[in-house]
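The structure under discussion appears below in the form of structure tokens.
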Amino acid sequence: MKRIAILASGTGTNAERIVRYFQEKGTAEVAWIIASRASAGVIERAARLHVPCKVITPDGFASGEAFRFLKENEIDFIVLAGFLSRVPDEIVHAYPQKIVNIHPSLLPKFGGKGMYGMHVHEAVLAAGETESGITIQYVSEKYDEGAFILQAKCPVLSDDTPDTLAARVHELEYRYYPEVIEKLILGLSETKKQTVYDWLI
Ligand code: GRF
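First residue of the sequence shown? That's 1 in full-length UniProt numbering, and the numbers climb one at a time after it.
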């Protein structure tokens with residue numbers, strides 16, 4: 001069975017959904033969660049979910065510690081779920097089309113430097129957008145510029161706050177990310193971009 005490592009820096013709600021999905025389906029195994037900081041909420045979630053968790057700081061990524069750890073633990077596939085550090089080139093090169101990221105906007109809009117977490121949703125509202133969504137993409141050397149795998153859309157409502165929009169976007173993430181990962185791992189998916197129109201609430 002393919003072994004997944006999830007890399008996360010935050011609370012890890014996506015990580016939890018992915019772990020539960022594969023615990024239930026048994027089509028792959030989340031072998032490790034790697035947290036990029038010791039205070040990340042994802043660490044407590046990992047313990048609750050009985051998934052081994054290791055803290056590797058951004059310095060540890062830069063120095064090669066993370067690369068060695070992934071290799072030593074025979075990781076086949078890497079999932080970024082709210083991971084705020086840079087994935088070093090040696091990891092990107094060692095895992096061609098085997099690293100995926102999720103971004104809470106319809107890239108290329110609202111991507112790039114500084115566009116993470118609530119900053120994304122605040123910027124979407126400030127720009128007066130009428131729709132937002134998620135982008136699941138491969139990770140390339142340039143942040144947020146990897147090929148798209150799937151985009152799903154939801155509306156932006158006139159009375160949205162960053163929190164209500166974030167919640168709607170999170171629902172899309174929970175719905176699509178585990179399934180897309182599974183399809184890629186099982187080799188079922190075409191790599192070309194698809195766009196899915198959806199609205200969950
Ligand atoms: C998600 O919105 C994801 O798109 C972005 O970071 C957020 C992580 O949320 N990359 P969580 O830690 O999974 O709750």
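Even glycine gets a Cβ: it sits at the ideal position worked out from N, Cα and C.
Consider the C-beta atom of residue i and the heavy atoms of ligand 1; say whether any pair is separated by less than 8 Å.
i    : result
E173 : yes
P108 : no
P104 : yes
V30  : no
G10  : yes
V81  : For the record, residue 81 in the displayed sequence is Ala; it is not Val. Under cutoff, so the answer is yes.
N14  : yes
Y116 : yes
I134 : yes
H170 : yes
A166 : yes
V42  : yes
N73  : no
What does DSSP give as the partner residue(s) for residue i in the beta ladder?
i    : result
K54  : I34
L7   : I34, L80
I102 : I136
F22  : Partner(s): none; F22 has no beta bridge.
E145 : None; E145 has no bridge partner.
E29  : R3
Between the region 77-95 and the region 120-127, are three or more C-beta pairs nearer than 8 Å? no
For the region 12-20 and the region 173-187, state whether three or more C-beta atom pairs, one from each stretch, are separated by less than 8 Å. yes
If you scan the region 41-89 from start to end, which runs of the alpha helix (DSSP H) of 4 or more residues do you find wholly inside it? 42-49, 58-63, 65-72
The region 98-105 in contact with the region 123-142 per 3-pair CB rule at 8 Å: yes
Does the contact criterion of 3 or more C-beta pairs under 8 Å hold for the region 28-36 versus the region 46-54? Short answer: they touch.
Would you call the region 147-156 in contact with the region 64-75, where contact means no fewer than 3 C-beta pairs closer than 8 Å? no
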